[in-house]
Structure formats: structure tokens, C-alpha cells
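Protein chains in written order, with the numbering used here: chain A, 1 to 146; chain B, 1 to 146.
Note sheet for the following structure.
2 protein chains.
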Amino acid sequence: MQGITGHELSSRKAEYLKYIHMQGDVVKTTEIAARFSVAPSTVTKALTEIAKAGYIEHTPYHGVRLTPAGTEYARFLLRRHRIVALVLSRYGLEPDEACKEAAKIEQCFSKDLTNRICSSLGHPMMSGCGEIEHDNCCCPSCGRQG
Amino acid sequence: MQGITGHELSSRKAEYLKYIHMQGDVVKTTEIAARFSVAPSTVTKALTEIAKAGYIEHTPYHGVRLTPAGTEYARFLLRRHRIVALVLSRYGLEPDEACKEAAKIEQCFSKDLTNRICSSLGHPMMSGCGEIEHDNCCCPSCGRQG
DNA sequence: ACGAATATTTAGACTCACACCAAATTCCGG
DNA sequence: CCGGAATTTGGTGTGAGTCTAAATATTCGT
């Protein structure tokens with residue numbers, strides 16, 4: 001959690017990781033390919049690289065599963081998404097719009113920036129996108145740790 | 001102004017365009033290359049493409065100058081930058097930090113999103129980054145037009 | 001347990017954006 | 001008008017993402 005900058009994975013790979021996290025347990029290549037409307041081979045290549053980065057464990061032909069580092073990273077991605085969506089909702093966007101727009105811009109927010117905003121908002125527990133977990137928030141000034 | 005989405009130019013080209021706008025009048029290839037620390041040939045290539053998109057007029061060996069469309073686009077880019085910086089400053093970032101961080105994330109903000117935020121903020125006239133011009137704001141609900 | 005259908009991976013190729021270098025070209029001031 | 005400086009051209013390389021076709025592995029039904 002210390003080392004995360006928020007830019008370890010490209011935005012596409014981050015999306016895959018978030019999806020894997022949301023599905024929980026083992027996720028198959030085809031499932032991801034269908035969800036993102038890309039060829040299975042595209043997913044295999046990305047998965048191989050995400051695995052090389054240490055966020056997932058890839059058992060060829062049998063799917064992937066998050067590693068502890070992957071779980072931590074996915075939680076950060078989710079928290080970031082929700083924080084960004086929450087910010088947007090403060091500028092008049094409806095929850096679902098905020099969520100859609102957040103998905104388009106969240107990849108630009110570093111972990112530090114996310115944490116500063118989170119902190120400034122008083123570590124909110126909810127956004128229009130769902131509950132915000134602060135397990136890995138580690139904003140320097142954050143009292144919440146799990 | 002009607003057609004701008006905010007994603008017509010890649011972020012790198014948008015930076016070049018903003019720089020050209022800030023310099024005013026004719027800008028030379030070498031000047032841009034020096035400012036961004038890239039080889040002149042890299043700039044020439046980008047300039048050719050920006051010209052093809054209609055935002056600048058490129059007279060080979062003599063530099064570039066914004067077209068009316070380019071001026072309009074650059075103004076949008078500048079307004080977007082300042083709006084984003086202003087938003088960040090509302091979450092505890094100091095003006096210069098807000099400006100730096102805005103530079104990193106602004107390219108993700110579509111014109112529509114920028115306008116919604118601008119509108120929600122009441123079409124502010126200033127940000128830590130400078131004066132915000134609403135000439136081309138054209139937020140549907142915006143009364144300011146120049 | 002076998003073979004077909006399905007799922008997955010591998011290999012090769014493409015695009016786009018960005019960058020570089022070296023060579024050719026153009027410009028400009030003495 | 002000539003040479004140095006600026007610029008452009010042309011060729012290359014990288015990284016991310018995508019695709020197709022072919023190879024390979026798994027799974028399921030009989």
C-alpha cells in the first residue's frame with residue numbers, strides 16, 4: 001500500500017483488474033473478453049502482463065485469481081473510482097452520470113491526489129457508486145485503517 | 001465551439017497548442033522543441049498533424065500560427081485547465097499544486113463535463129491559475145458569452 | 001474413455017501516438 | 001552568394017491495445 005502510485009497498470013489493465021476483483025475468486029478469460037467486448041486473445045495477453053506485475057495468478061486454461069497485492073490494488077482502484085464519482089456528484093452530476101464520467105477520468109488520478117481529496121472530504125463512507133472502503137486509504141492524516 | 005468534445009487532439013498535441021496560444025502570433029519549431037525538451041523533428045511531425053486538423057497554419061520553415069478554430073480550441077483548453085485547477089483547489093491543494101495536478105488530469109475532461117462543472121461553480125472568473133475566460137463557454141445554461 | 005465441441009493460448013500482424021537519429025533541404029545574415 | 005543554423009524528411013523503435021488464424025488444452029456427452 002505504501003508503494004502504490006496509481007499508475008502501475010495501464011487504464012485498460014486496471015479495468016480488467018477491477019472486474020476480476022468484483023467477480024471474486026477465479027475469473028475466466030472468456031468472461032472478461034465478453035464483458036469488455038474484445039477478443040479472448042487480447043485478454044490473455046493483458047492477463048499475462050498483469051500476472052507479471054504480480055497482481056494476479058494466472059493458471060493457463062484455468063483462469064485468474066487476485067494475489068494479495070492485486071486485491072489491495074483493486075481496492076484502491078475501487079476507492080478511487082468512488083471518490084472521483086463522489087466529487088463529480090458534487091458538481092451536479094446524477095449518481096449514474098457521475099459513475100460513468102468517473103470511469104473516464106479516474107485513471108488520471110494518482111493515489112496521492114485521490115488520498116488528498118478523500119481526506120478533504122472527510123473520508124466519506126458512501127458515493128453514488130457504492131460504499132467506500134478505507135482499508136487501504138492510508139491518507140497520511142487518516143485515522144481509518146480498516 | 002459547438003463541435004468540440006475536448007478529445008480532438010491527443011494530450012501532447014493539446015499541450016503544444018496551448019503553448020502556441022500562450023506565445024501568440026508566430027511560433028517556431030525550435031521554440032516548441034526547447035520548451036518540451038523533444039527533438040525538433042518530433043515537433044514538426046506533431047505540427048503537421050495539428051495543421052491537418054485545422055487548428056494551426058503551418059508555413060514550412062517559418063513557424064505556425066493559430067487559425068480561428070485553433071484559437072477557439074486553445075481557449076477551451078485553457079479554460080478547462082483553470083476549471084480543473086479550481087476544482088482541485090477546493091480539495092485542499094495550494095494554487096501551484098492544483099495547477100500541476102490539473103495539468104496531469106485535465107486531458108480526461110470532456111468539454112461537456114468541463115461545462116457542467118463550470119456551470120455548477122457559477123462560471124467563476126478566477127482560478128489559482130489565472131483568469132477564466134468564458135468566451136467559448138457555451139454551457140447550455142450559461143449567460144456569459146464573451 | 002473417446003471424440004467432438006468449447007475454451008484458451010500462441011504467433012504474427014496492424015494501428016496509433018510518441019520519440020529519436022541522420023540526411024536532405026531551406027533560410028538568412030555577413 | 002555562401003555557409004551555418006533551422007527545419008523537414010525519411011526511416012526506426014517502443015509501448016499499449018487490438019485482431020485473426022492456428023495450435024493446444026479442457027470438458028462433456030455417450
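Virtual Cβ for every residue (Gly too), placed ideally from N, Cα, C.
Ranked by how close their Cα comes to the Cα of leucine 86 (chain A), the residues A:Cys129, A:Asp112, A:Gly54 have A:Cys129 in first place. By the Cβ-count criterion, glutamate 15 (chain A) is buried, with 16 or more other Cβ atoms from all chains shown falling within 10 Å of its own Cβ. Rounded to whole angstroms, the separation of the alpha carbons of threonine 71 (chain A) and isoleucine 105 (chain B) is 25 angstroms.
Leaving aside the five residues that flank threonine 67 (chain A) on each side, the residues in its chain whose CB is nearer than 7 angstroms to its CB run, in chain order, Gly54, Tyr55, Ile56, Glu57. Among the residues facing chain B, lysine 104 (chain A) is included, as its CB has a counterpart in that chain under 9 angstroms away. Residue-level contact by beta carbon holds for arginine 116 (chain B) and chain A, with a gap shorter than 9 angstroms.
For leucine 17 (chain A), no Cβ of chain B is located within less than 9 angstroms of the residue's own Cβ. In the three-state reduction of the DSSP assignment, glutamate 8 (chain A) falls in the coil class. For isoleucine 50 (chain B), the enclosing alpha helix (DSSP H) has its first and last residue at 40-52.
Less than 9 angstroms divides the Cβ of isoleucine 4 (chain A) from the Cβ of phenylalanine 76 (chain A). The beta carbon of arginine 65 (chain B) sits closer than 7 angstroms to those of Asp25, Val26, Ile56, Glu57, all from its chain and outside the five residues before and after it, given in chain order. Of the residues A:Ser110, A:Thr59, A:His62, the one whose Cα lies closest to the Cα of isoleucine 83 (chain A) is A:Ser110. Here DSSP, grouped into helix, strand and coil, assigns serine 89 (chain B) to helix. Considered as a whole, the segment 14-43 of chain B harbours 29-36 as its complete alpha helix (DSSP H) runs of no fewer than 4 residues, in chain order. The beta carbon of arginine 12 (chain B) is closer than 8 angstroms to those of Ala46 in its chain, skipping five residues each way along the sequence.
Residue contact with chain A for valine 26 (chain B): absent (no Cβ-Cβ distance below 9 angstroms to any residue of chain A). At the C-beta level, serine 120 (chain B) and tyrosine 91 (chain A) come within 9 angstroms of one another.
Between the alpha carbons of glutamate 97 (chain B) and valine 38 (chain A) lies a gap of roughly 38 angstroms.
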